[in-house]
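Encoded structure:
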(Lines of atoms letter the chains of each structure in order from A and count residues from 1; the text may use other names and numbers.)
(Lines give C-alpha, C1' and ligand atoms only; values in the text may rest on other atoms or scores of the structure.)
Protein backbone atom coordinates (compact mmCIF):
# COMPACT_ATOMS: atom_id res chain seq x y z
CA UNK A 1 0.00 0.00 0.00
CA UNK A 2 1.41 3.38 -1.00
CA UNK A 3 1.29 6.10 1.66
CA UNK A 4 1.52 9.61 0.19
CA UNK A 5 3.86 12.09 1.81
CA UNK A 6 1.00 14.53 2.32
CA UNK A 7 -2.61 13.95 3.26
CA UNK A 8 -4.93 14.09 0.21
CA UNK A 9 -7.16 17.06 -0.45
CA UNK A 10 -9.91 17.67 -2.97
CA UNK A 11 -8.86 19.28 -6.24
CA UNK A 12 -8.90 23.08 -5.98
CA UNK A 13 -11.58 25.21 -7.55
CA UNK A 14 -10.30 27.38 -10.38
CA UNK A 15 -9.56 30.98 -9.43
CA UNK A 16 -9.80 33.70 -12.13
CA UNK A 17 -6.46 34.03 -13.93
CA UNK A 18 -6.42 37.82 -13.60
CA UNK A 19 -6.89 37.65 -9.84
CA UNK A 20 -4.09 35.15 -9.42
CA UNK A 21 -1.75 37.12 -11.70
CA UNK A 22 -2.43 40.31 -9.72
CA UNK A 23 -1.80 38.52 -6.44
CA UNK A 24 1.52 37.13 -7.68
CA UNK A 25 2.60 40.59 -8.82
CA UNK A 26 1.66 42.22 -5.52
CA UNK A 27 3.43 39.48 -3.57
CA UNK A 28 6.59 39.81 -5.63
CA UNK A 29 6.70 43.58 -5.18
CA UNK A 30 6.06 43.28 -1.45
CA UNK A 31 8.85 40.74 -1.00
CA UNK A 32 11.27 42.87 -3.00
CA UNK A 33 10.49 46.01 -1.00
CA UNK A 34 10.91 44.13 2.27
CA UNK A 35 14.07 42.40 1.06
CA UNK A 36 12.79 38.94 1.95
CA UNK A 37 11.95 35.61 0.40
CA UNK A 38 8.86 33.83 1.70
CA UNK A 39 9.06 30.04 1.61
CA UNK A 40 7.23 26.97 2.89
CA UNK A 41 8.67 25.34 6.02
CA UNK A 42 8.83 21.69 5.02
CA UNK A 43 11.79 20.14 6.86
CA UNK A 44 11.90 19.46 10.60
CA UNK A 45 14.77 21.85 11.37
CA UNK A 46 12.93 24.78 9.77
CA UNK A 47 9.69 23.95 11.55
CA UNK A 48 11.58 23.85 14.86
CA UNK A 49 13.01 27.29 14.10
CA UNK A 50 9.53 28.61 13.29
CA UNK A 51 8.20 27.30 16.60
CA UNK A 52 11.04 29.01 18.51
CA UNK A 53 10.35 32.24 16.64
CA UNK A 54 6.67 32.18 17.58
CA UNK A 55 7.60 31.62 21.23
CA UNK A 56 9.77 34.73 21.08
CA UNK A 57 7.05 36.89 19.54
CA UNK A 58 4.41 35.80 22.07
CA UNK A 59 6.94 35.96 24.93
CA UNK A 60 6.53 32.37 26.09
CA UNK A 61 9.19 29.80 27.05
CA UNK A 62 10.56 27.92 24.04
CA UNK A 63 9.16 24.68 25.45
CA UNK A 64 5.68 26.27 25.56
CA UNK A 65 5.32 28.02 22.18
CA UNK A 66 1.93 29.13 20.83
CA UNK A 67 2.24 26.29 18.30
CA UNK A 68 4.62 23.41 18.88
CA UNK A 69 6.62 21.49 16.30
CA UNK A 70 4.16 18.59 16.37
CA UNK A 71 1.20 20.88 15.65
CA UNK A 72 3.01 22.70 12.84
CA UNK A 73 4.04 19.44 11.20
CA UNK A 74 0.50 18.08 11.49
CA UNK A 75 -1.05 21.22 9.98
CA UNK A 76 1.25 21.04 6.94
CA UNK A 77 0.75 17.29 6.56
CA UNK A 78 -3.02 17.77 6.61
CA UNK A 79 -2.81 20.09 3.60
CA UNK A 80 -2.21 23.46 5.23
CA UNK A 81 0.84 25.68 4.89
CA UNK A 82 3.57 26.96 7.20
CA UNK A 83 5.22 29.98 5.58
CA UNK A 84 8.38 31.62 6.85
CA UNK A 85 11.18 34.04 6.02
CA UNK A 86 14.65 34.06 7.49
CA UNK A 87 17.65 36.35 7.83
CA UNK A 88 20.56 33.95 7.73
CA UNK A 89 19.73 31.21 10.21
CA UNK A 90 17.19 33.35 12.09
CA UNK A 91 13.46 33.22 11.30
CA UNK A 92 12.04 36.74 11.04
CA UNK A 93 8.44 35.97 9.98
CA UNK A 94 6.11 33.01 10.01
CA UNK A 95 2.48 32.06 9.48
CA UNK A 96 0.18 29.04 9.45
CA UNK A 97 -2.82 28.40 7.18
CA UNK A 98 -5.53 25.74 7.43
CA UNK A 99 -8.55 25.11 5.24
CA UNK A 100 -12.03 25.94 6.52
CA UNK A 101 -15.16 23.97 5.60
CA UNK A 102 -15.07 23.06 1.88
CA UNK A 103 -18.24 25.00 1.04
CA UNK A 104 -16.73 28.23 2.38
CA UNK A 105 -13.81 28.21 -0.10
CA UNK A 106 -11.80 29.90 2.65
CA UNK A 107 -8.56 29.34 4.51
CA UNK A 108 -8.00 30.12 8.18
CA UNK A 109 -4.83 31.90 9.27
CA UNK A 110 -4.01 30.33 12.63
CA UNK A 111 -1.12 32.63 13.41
CA UNK A 112 1.10 35.18 11.65
CA UNK A 113 3.93 37.33 12.91
CA UNK A 114 6.95 39.31 11.79
CA UNK A 115 9.91 40.33 13.92
CA UNK A 116 9.77 43.92 12.71
CA UNK A 117 6.90 46.08 11.52
CA UNK A 118 8.91 48.77 9.71
CA UNK A 119 10.19 46.81 6.69
CA UNK A 120 6.97 45.51 5.23
CA UNK A 121 7.84 41.89 6.08
CA UNK A 122 4.39 41.20 7.53
CA UNK A 123 2.73 42.53 4.39
CA UNK A 124 4.95 40.36 2.20
CA UNK A 125 4.08 37.35 4.36
CA UNK A 126 0.33 37.90 3.99
CA UNK A 127 0.67 38.35 0.23
CA UNK A 128 2.55 35.03 -0.01
CA UNK A 129 -0.28 33.42 1.97
CA UNK A 130 -2.75 34.97 -0.43
CA UNK A 131 -1.03 33.50 -3.50
CA UNK A 132 -0.82 30.06 -1.90
CA UNK A 133 -4.49 30.17 -0.92
CA UNK A 134 -5.62 31.25 -4.39
CA UNK A 135 -3.51 28.50 -5.96
CA UNK A 136 -5.34 26.00 -3.77
CA UNK A 137 -8.83 27.24 -4.64
CA UNK A 138 -9.60 29.57 -1.74
CA UNK A 139 -11.30 32.90 -2.32
CA UNK A 140 -11.19 34.27 1.25
CA UNK A 141 -8.92 34.20 4.27
CA UNK A 142 -10.22 34.35 7.83
CA UNK A 143 -8.44 35.04 11.10
CA UNK A 144 -9.08 36.62 14.48
CA UNK A 145 -7.35 39.58 16.08
CA UNK A 146 -7.53 41.51 19.32
CA UNK A 147 -9.76 44.58 18.73
CA UNK A 148 -7.65 46.62 21.17
CA UNK A 149 -4.33 46.19 19.34
CA UNK A 150 -4.38 49.24 17.09
CA UNK A 151 -1.37 48.36 14.94
CA UNK A 152 -2.93 45.01 13.99
CA UNK A 153 -6.29 46.62 13.30
CA UNK A 154 -4.68 49.16 10.97
CA UNK A 155 -2.68 46.47 9.19
CA UNK A 156 -5.63 44.11 8.75
CA UNK A 157 -8.27 46.66 7.75
CA UNK A 158 -6.51 49.65 6.22
CA UNK A 159 -3.51 47.98 4.61
CA UNK A 160 -4.79 44.53 3.63
CA UNK A 161 -8.43 45.46 3.10
CA UNK A 162 -10.09 42.90 5.35
CA UNK A 163 -13.41 43.58 7.08
CA UNK A 164 -14.77 42.39 10.42
CA UNK A 165 -18.39 41.65 11.22
CA UNK A 166 -18.12 39.37 14.23
CA UNK A 167 -17.09 40.09 17.84
CA UNK A 168 -16.29 37.13 20.11
CA UNK A 169 -16.11 37.77 23.87
CA UNK A 170 -13.16 36.07 25.63
CA UNK A 171 -12.79 33.78 22.61
CA UNK A 172 -9.71 31.83 23.73
CA UNK A 173 -10.14 32.17 27.47
CA UNK A 174 -6.98 32.90 29.44
CA UNK A 175 -3.72 32.81 27.44
CA UNK A 176 -0.55 32.73 29.51
CA UNK A 177 1.85 34.77 27.42
CA UNK A 178 3.48 38.19 27.39
CA UNK A 179 1.07 39.73 24.87
CA UNK A 180 -2.40 38.96 26.21
CA UNK A 181 -1.39 39.31 29.85
CA UNK A 182 -4.26 38.82 32.28
CA UNK A 183 -6.84 40.42 30.00
CA UNK A 184 -9.79 38.60 28.49
CA UNK A 185 -9.23 37.49 24.91
CA UNK A 186 -11.97 39.28 22.97
CA UNK A 187 -11.51 38.88 19.22
CA UNK A 188 -12.75 40.34 15.96
CA UNK A 189 -13.07 37.94 13.03
CA UNK A 190 -11.35 39.34 9.94
CA UNK A 191 -12.47 38.26 6.47
CA UNK A 192 -10.13 39.06 3.59
CA UNK A 193 -11.36 38.80 0.01
CA UNK A 194 -8.38 37.26 -1.81
CA UNK A 195 -9.47 37.87 -5.38
CA UNK A 196 -10.33 41.54 -4.85
CA UNK A 197 -9.02 43.04 -1.59
CA UNK A 198 -10.11 46.64 -0.92
CA UNK A 199 -7.88 48.52 1.53
CA UNK A 200 -9.69 51.39 3.24
CA UNK A 201 -7.48 54.19 4.58
CA UNK A 202 -10.03 56.23 6.52
CA UNK A 203 -8.95 59.50 8.12
CA UNK A 204 -11.15 59.34 11.20
CA UNK A 205 -14.29 61.10 12.41
CA UNK A 206 -14.88 64.74 11.50
CA UNK A 207 -15.69 66.22 14.89
CA UNK A 208 -17.34 69.16 13.18
CA UNK A 209 -20.11 66.95 11.85
CA UNK A 210 -20.31 63.76 13.95
CA UNK A 211 -22.41 63.22 17.04
CA UNK A 212 -20.02 62.26 19.83
CA UNK A 213 -21.51 59.79 22.32
CA UNK A 214 -21.66 60.83 25.95
CA UNK A 215 -19.75 57.83 27.31
CA UNK A 216 -16.04 58.56 27.65
CA UNK A 217 -13.04 56.32 27.09
CA UNK A 218 -10.88 55.36 30.09
CA UNK A 219 -8.47 58.18 29.19
CA UNK A 220 -11.28 60.75 29.45
CA UNK A 221 -11.45 61.45 25.73
CA UNK A 222 -14.15 60.58 23.21
CA UNK A 223 -14.76 56.85 22.84
CA UNK A 224 -17.39 56.64 20.10
CA UNK A 225 -19.30 58.77 17.63
CA UNK A 226 -21.81 58.41 14.84
CA UNK A 227 -22.74 60.15 11.62
CA UNK A 228 -25.14 59.57 8.75
CA UNK A 229 -22.95 56.79 7.35
CA UNK A 230 -22.24 54.76 10.45
CA UNK A 231 -20.30 54.53 13.70
CA UNK A 232 -16.81 55.25 14.99
CA UNK A 233 -15.03 53.61 17.94
CA UNK A 234 -11.60 54.51 19.34
CA UNK A 235 -9.06 52.12 20.86
CA UNK A 236 -5.87 52.85 22.87
CA UNK A 237 -2.57 53.51 21.13
CA UNK A 238 -0.70 50.62 22.82
CA UNK A 239 -2.82 48.18 24.80
CA UNK A 240 0.08 45.71 25.18
CA UNK A 241 2.08 48.29 27.14
CA UNK A 242 -1.03 49.24 29.11
CA UNK A 243 -1.53 45.61 30.15
CA UNK A 244 2.01 45.49 31.50
CA UNK A 245 1.72 48.76 33.38
CA UNK A 246 -1.91 48.92 34.53
CA UNK A 247 -4.13 45.83 34.44
CA UNK A 248 -7.20 47.68 35.66
CA UNK A 249 -6.91 50.35 32.97
CA UNK A 250 -6.50 47.65 30.30
CA UNK A 251 -9.65 45.92 31.55
CA UNK A 252 -11.53 49.24 31.44
CA UNK A 253 -10.55 49.67 27.79
CA UNK A 254 -11.74 46.15 27.03
CA UNK A 255 -15.15 46.79 28.57
CA UNK A 256 -15.50 50.19 26.93
CA UNK A 257 -14.72 49.02 23.39
CA UNK A 258 -16.78 45.86 23.84
CA UNK A 259 -19.72 48.03 24.89
CA UNK A 260 -19.56 49.94 21.61
CA UNK A 261 -18.75 47.21 19.10
CA UNK A 262 -21.09 44.46 20.29
CA UNK A 263 -24.30 46.54 19.95
CA UNK A 264 -23.12 47.89 16.59
CA UNK A 265 -22.58 44.39 15.22
CA UNK A 266 -25.95 43.29 16.62
CA UNK A 267 -27.50 46.19 14.69
CA UNK A 268 -26.01 44.97 11.42
CA UNK A 269 -22.86 47.07 11.18
CA UNK A 270 -19.48 45.83 9.93
CA UNK A 271 -15.99 47.18 10.61
CA UNK A 272 -14.73 48.34 7.22
CA UNK A 273 -11.83 50.64 8.05
CA UNK A 274 -9.39 51.88 10.67
CA UNK A 275 -7.64 55.23 10.96
CA UNK A 276 -4.06 55.87 12.04
CA UNK A 277 -5.46 57.82 14.98
CA UNK A 278 -7.03 54.61 16.31
CA UNK A 279 -10.66 54.83 15.17
CA UNK A 280 -12.67 51.90 13.82
CA UNK A 281 -15.11 52.76 11.04
CA UNK A 282 -18.36 50.76 11.09
CA UNK A 283 -20.80 50.86 8.21
CA UNK A 284 -24.00 49.00 7.46
CA UNK A 285 -23.34 46.78 4.46
CA UNK A 286 -26.78 45.22 4.36
CA UNK A 287 -30.09 46.52 5.55
CA UNK A 288 -31.68 44.27 8.23
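Numbering (my numbering), first residue to last: 72 to 359. A virtual CB, placed ideally from N, CA and C, is assigned to each residue, including glycine.
According to the DSSP assignment, residue 162 belongs to the beta strand (DSSP E) that extends over 161-170. If the five residues before and after residue 155 are omitted, its C-beta is found closer than 7 Å to the C-beta atoms of 110, 112, 117, 121, 162, 164 and 165, all from its own chain and listed in chain order. In the same chain as residue 281, and ignoring 5 residues on each side of it, the C-beta atoms closer than 6 Å to its own belong to 296 and 298, in chain order. Straight-line measurement puts the Cα of residue 304 at about 44 Å from the Cα of residue 114. Residue 168 and residue 279 have their alpha carbons spaced roughly 44 Å apart. Within the model, the alpha-carbon separation for residue 147 versus residue 277 is close to 47 Å. Residue state for residue 242 is assigned as coil, using DSSP reduced to three classes.
Residue 293 has its alpha-carbon roughly 8 Å from the corresponding atom of residue 285. If you look at residue 203, you'll find it isn't in any beta strand (DSSP E); it sits in the alpha helix (DSSP H) that goes 192-206. Selection 254, 210 and 321 evaluated against residue 265 yields 210 as nearest (Cα-Cα). Shown here, residue 271 sits in coil according to DSSP, grouped into three states, outside any helix or strand.
The residues 318, in chain order, have a CB closer than 6 Å to that of residue 253 in the same chain once the five nearest residues on each side in sequence are set aside.
The beta carbon of residue 213 is closer than 6 Å to those of 177, 179 and 262 in its chain, skipping five residues each way along the sequence. Taking 8 Å as the cut-off, the Cβ atoms of residue 289 and residue 259 do not count as close. With fewer than 16 other CB atoms across the displayed protein chains lying within 10 angstroms of its CB, residue 175 is exposed. In the displayed model, residue 141 falls within a helix according to three-state DSSP. For residue 298, the uninterrupted beta strand (DSSP E) run begins and ends at 295-298, by DSSP.
The beta-bridge partner set that DSSP reports for residue 178 consists of 170 and 212.
When rounded, the separation of the alpha-carbon atoms in residue 185 and residue 302 is 31 Å. DSSP, reduced to helix, strand and coil, places residue 250 outside both helices and strands of the structure shown, so it counts as coil. Bounds of the beta strand (DSSP E) holding residue 264 are 258-264. Ranked by Cα distance from residue 300, the first of 126, 353 and 103 is 353. In the same chain as residue 274, and ignoring 5 residues on each side of it, the C-beta atoms closer than 7 Å to its own belong to 346, in chain order.
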